[in-house]
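Following: one structure in structure tokens, then a few remarks.
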Amino acid sequence: MSPIVKAEMTDPTTAPADVWSADWLPRLVAFDLDDTLAPSKSALDPTMVRLLHDLLGVAEVCIISGGQIGQFRTQVIDRLQDADPAQLERLHLMPTCGTQYWRHQAGEWMPVYAQNLTAEQIAAAFASLEARAKELGVWETETWGPVLEDRGSQVTFSALGQEAPVAVKRQWDPTGEKKNALRAAVAADLPDLEVRSGGSTSVDITRRGIDKAYGMKQLEEVTGIAIADMLFVGDRLDPEGNDYPVKSTGVACHAVDGWEDTAALVAAVIDYSRR
């Protein structure tokens, strides 16, 4: 596989998702979770577990996703049981699109910050999501798990429920038309909050200005690693995706289509680091 390379950035909001073209090894690699490190709501594949172990030996690693910390535990933390304390100290977890930040300290995963919504904001988000979903005909009668979730720092609408089978979720809205229509309608109701398309069937609501770009900037501040020395990897770097705000930070971005693509990329980073 060819060496890892990075291109000169132009306008980060219009630059292509894959922007590499000169020898370069990132000091920190940040990943989306669902459909980037693992299939939606699924645990890491053993191959990805092994690669993350190796990557933590050569770089800091961040996982930033719309899921809550419980999802991080079942998909990632529980799969990294063989990681040593030094490796875990290099792992940064940012649930709910970076509105929360967790670090491994004294043998435990502890929250560093949480940009929580108020009770009034949560109630308004729930009311708008349900009303607009019913108006648009996307309030489904057959669901798997909760459709509306209060995640503290984020409210999430999952059209088919949080536990819906991956195959069913992929078939529900392949073009994103349903989800984007709901996002627009709810955003009009809640001008003081941030309303974004999330995963394949979800819409996420946070405090205004709190998104994955915010998370990446916070990561720069707390780690002391410059954005220019980071790489972000995600499957939704398109303008309608919840990874897209990351581009506004100027961080180098690499688009993937599933965890297998990510595995190949991580293997290349590790290989280049050992040369």
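Just so you know, we're using my numbering here: the sequence shown kicks off at 1 and counts up by one.
Glycine included, each C-beta is placed from N, C-alpha and C at the ideal position.
Source: prediction; values computed, not measured.
Name the DSSP bridge partner or partners of residue i?
i	result
Arg-103	Met-110
Ile-64	Met-94
Arg-196	Asp-204
Phe-232	Ala-30 and Cys-253
Glu-149	Thr-156
Ala-38	Asp-34
Are the CB atoms of residue i and residue j nearer to each other than 8 Å?
i	j	result
Val-269	Asp-235	no
Leu-33	Gly-67	yes
Pro-39	Val-168	no
Leu-93	Phe-72	yes
Gln-87	Leu-37	no
Thr-201	Ser-158	yes
Leu-182	Val-138	yes
Met-276	Val-246	Nothing can be reported for residue 276: it is not among the residues displayed for the chain, which extend from 1 to 275.
His-254	Leu-219	no
Thr-99	Gln-154	yes
Gly-145	Gln-162	yes
Ile-77	Lys-212	no
Leu-136	Ala-185	yes
Gly-198	Ile-227	no
Asp-35	Gly-258	yes
Asp-276	Ile-122	In the structure as shown, the chain starts at 1 and stops at 275, and residue 276 therefore has no counterpart that could be examined.
Val-190	Val-233	According to the sequence provided, residue 190 is Leu. The question's Val does not apply to it. Going by C-beta atoms, Leu-190 is not nearer than 8 Å to Val-233.
Ala-124	Arg-79	no
Return the residue from the list the options that minimises the CA-CA distance to residue i.
i	options	result
Glu-142	Glu-149, Ser-153, Phe-157 and Ala-164	Ala-164
His-104	Glu-120, Glu-140 and Cys-62	Cys-62
Asp-271	Val-58, Ala-38, Leu-37 and Ser-42	Val-58
Asp-204	Asp-243, Asp-238 and Val-233	Asp-243
Lys-178	Arg-208, Ile-210, Leu-160 and Leu-80	Leu-160
Leu-193	Leu-117, Ser-42 and His-53	Leu-117
Leu-237	Ala-228, Ser-248 and Asp-229	Ser-248
Gly-241	Ala-264, Asn-180 and Gln-218	Asn-180
Tyr-214	Glu-260, Val-186 and Tyr-113	Tyr-113
Asp-82	Pro-174, Leu-51 and Pro-111	Leu-51
Ala-187	Met-110, Arg-207 and Glu-60	Arg-207
Gln-115	Trp-109, Tyr-101 and Glu-89	Tyr-101
Gly-176	Pro-239, Thr-262, Gly-152 and Glu-120	Pro-239
Span of the alpha helix (DSSP H) holding residue i?
i	result
Glu-130	119-135
Thr-223	212-223
Leu-88	85-88
Val-49	46-55
Lys-178	177-189
Ala-167	166-172
Gln-75	69-75
Starting from residue i, trace the beta strand (DSSP E) in both directions and tell me its first and last residue.
i	result
Ser-273	Ser-273 -> not in any beta strand (DSSP E); alpha helix (DSSP H) instead, spanning 259-273.
Val-29	28-31
Report yes if the C-beta of residue i is less than 7 Å from at least one heavy atom of the ligand SAM; otherwise report no.
i	result
Phe-72	What this structure holds is no ligand at all, so the ligand SAM is not there to describe.
Using a beta-carbon distance below 8 Å, is residue i in contact with chain D?
i	result
Glu-163	Although the question refers to chain D, the structure presented lacks it and comprises just one protein chain.
Q. Between the stretch 122-140 and the stretch 46-66, do three or more beta carbon pairs fall short of 8 Å?
A. Two segments are said to touch when three or more pairs of C-beta atoms, one from each, lie closer than 8 Å; by this definition the stretch 122-140 does not touch the stretch 46-66.
Q.
Within 8 Å, do at least three Cβ pairs link the stretch 28-43 to the stretch 213-232?
A. yes
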